[in-house]
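Sequence positions in the sequence shown follow this note's numbering and run 407 to 618. Glycine included, every Cβ here is placed at the ideal spot set by N, Cα and C.
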Amino acid sequence: MKTRALRSQFIPASPVGAPRRLLVVLHGRGDSSDGFAWLPAALALPGVDYLLVDAPDPYLSGYSWYDLPPHQGPGVERSRGRLFELFDEIAAAGYQPAHIGLFGFSQGCLMTLDFGGRCTRALAAYVGVSGYCWRPRQLLTELTVQARRPAWLLTHGHHDEVLDFATTSSQVDQLVAGGLPVQFRAYEKGHTIDPVAELPDLRDFLAERLVV
């Protein structure tokens with residue numbers, strides 16, 4: 407699968423699943439799709455294809471979805487539009503919304519919330535790791551019916567040295583109170599994915615929703 411809206415790497419399932427299932431992966435600031443090449447083997451979700459997506463803006467040795475705060479607004483909105491275009495391409499490739507998951511780390515987590523909450527396709531799962539929500543009040547006013555389903559998991563580390571735990575935790579409370587049914591799990595970790603405590607939870611959440 408080749409995409410035009412955003413550069414990406416496609417990793418097909420082996421063996422190929424039926425119906426076709428897909429996990430779209432959004433990296434964090436300064437990273438790239440290469441930085442998540444390990445994820446398919448680590449998750450080991452049978453029959454699931456992976457689309458590892460590069461953000462649109464060059465940043466250091468990788469890419470970025472938006473500018474640093476407080477200037478992130480234009481980039482967030484532009485990247486949101488690119489994701490809508492990307493998901494049109496994914497639909498054209500034959501994937502049904504109920505067989506698609508969206509996974510984001512750090513900046514990718516923010517984009518998962520920002521795009522996923524406004525998407526009119528009812529995706530199977532939305533997973534955001536070590537991120538936060540940009541303008542949660544505005545997001546809540548624009549939530550789609552499709553987003554208001556219990557298909558959300560957000561995780562964060564008590565010791566995150568990049569994005570404050572208390573801020574994200576407070577935002578999750580705000581989102582849940584506003585109608586976004588988010589599961590929130592906290593770990594004794596920094597700004598990373600904990601391979602021992604967290605990764606199995608991510609795998610189980612995605613497997614329940616993506617694997618036949």
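What residue range does the alpha helix (DSSP H) around ARG615 cover?
Mapped onto the sequence shown, residue 615 falls at position 209. Its alpha helix (DSSP H) spans residues 605-616.
Assuming contact is defined by CB atoms lying nearer than 8 Å, are LEU605 and ALA448 in contact in what I supplied?
In the sequence shown, counting from the first residue as 1, residue 605 sits at position 199. In the sequence shown, counting from the first residue as 1, residue 448 sits at position 42. Yes, these two residues count as a Cβ contact at 8 Å.
Measuring CA to CA, which of VAL578, ALA530 and ILE599 is closest to LEU616?
In the sequence shown, residue 616 corresponds to position 210, counting from 1. Proximity to LEU616 across VAL578, ALA530 and ILE599 peaks at ALA530, based on C-alpha coordinates.
With DSSP as the reference, label GLN478 as helix, strand or coil.
By one-based count along the sequence shown, residue 478 stands at place 72. If DSSP states are grouped into helix, strand and coil, GLN478 belongs with coil.
Residue range of the unbroken beta strand (DSSP E) whose run includes VAL588:
Reading the sequence shown from its first residue, position 182 is the one you call residue 588. Boundaries of the beta strand (DSSP E) harbouring VAL588: 588-593, taken from the DSSP string.
Name the residue from THR561, GLN478 and ALA583 whose alpha carbon lies nearest to the alpha carbon of LYS595.
As a first step, residue 595 is located in the sequence shown; it is residue number 189 there, counting from the start. Distances from the alpha-carbon of LYS595 to those of THR561, GLN478 and ALA583 put THR561 closest.
Hey, could you find the ends of the alpha helix (DSSP H) THR447 is sitting in?
Residue 447 sits at position 41 when you count from the first residue of the sequence shown. Inspection of the sequence shows that residue 447 is occupied by Ala rather than by Thr. Unbroken alpha helix (DSSP H) run through ALA447: 445-449.
Leaving out the 5 sequence neighbours to the left and right, which residues in its chain are closer than 6 Å to ASP455 when beta-carbon positions are compared?
On the sequence shown, residue 455 is found 49 positions in, with the first residue counted as 1. The residues are PRO418, ALA419 and LEU428.
Of the residues GLN513, ASP600 and CYS539, the one placed nearest TYR465, counting alpha carbons only:
Translated into positions along the sequence shown, residue 465 becomes position 59. Ranking the options by Cα distance to TYR465, first place goes to GLN513.
Note the first and the last residue of the continuous alpha helix (DSSP H) segment covering PHE521.
Within the sequence shown, the letter at position 115 stands for residue 521. Element bounds for PHE521: 513-522.
Any 3 or more C-beta pairs closer than 8 Å across the stretch 533-546 and the stretch 490-505:
Touching, no.
Which residue or residues does DSSP assign as beta-bridge partners of TYR538?
As a first step, residue 538 must be located in the sequence shown, where it is residue number 132. According to DSSP, TYR538 bridges with nothing at all.
Using a Cβ-Cβ cut-off of 7 Å (strictly less than) and excluding sequence neighbours within five positions of ASP600, which residues of its own chain qualify?
On the sequence shown, position 194 is the one that residue 600 refers to. Excluding positions up to five away in sequence, the list reads TYR593.
I'd like to check one pair, LEU458 with ARG485: are the Cβ atoms closer than 8 Å?
Taking the first residue of the sequence shown as position 1, residue 485 is located at position 79. Taking the first residue of the sequence shown as position 1, residue 458 is located at position 52. It should be noted that the sequence gives Ser, not Arg, for residue 485. No, these two residues do not count as a Cβ contact at 8 Å.
For GLY523, which residues of its own chain have a beta-carbon under 6 Å away from its beta-carbon, when the five flanking residues on both sides are left out?
Numbered from 1 along the sequence shown, position 117 holds the residue referred to as residue 523. Excluding residues within five positions, the ones whose Cβ falls inside 6 Å are LEU545, LEU549 and ALA553.
Under the rule that 16 or more other beta-carbon atoms within 10 Å means buried, what is VAL602, buried or exposed?
Looking up residue 602 in the sequence shown gives position 196. It is exposed - the Cβ of VAL602 has fewer than 16 other Cβ atoms within 10 Å.
Which residue's Cα is closest to the Cα of ASP437: GLN478, TYR472 and ASP579?
Here residue 437 corresponds to residue number 31 of the sequence shown, with the count starting at 1. Ranked by Cα distance from ASP437, the options GLN478, TYR472 and ASP579 are led by TYR472.
Over what stretch of residues does the beta strand (DSSP E) that includes LEU581 continue unbroken?
As a position in the sequence shown, residue 581 is number 175, starting the count at 1. No beta strand (DSSP E) contains LEU581, which is instead part of the alpha helix (DSSP H) from 571-583.
Residue nearest to LEU519 in terms of C-alpha spacing, selected from TYR469, GLY453, ASP463 and VAL588:
The residue given as residue 519 occupies position 113 in the sequence shown. LEU519 has its Cα closest to that of VAL588, out of TYR469, GLY453, ASP463 and VAL588.
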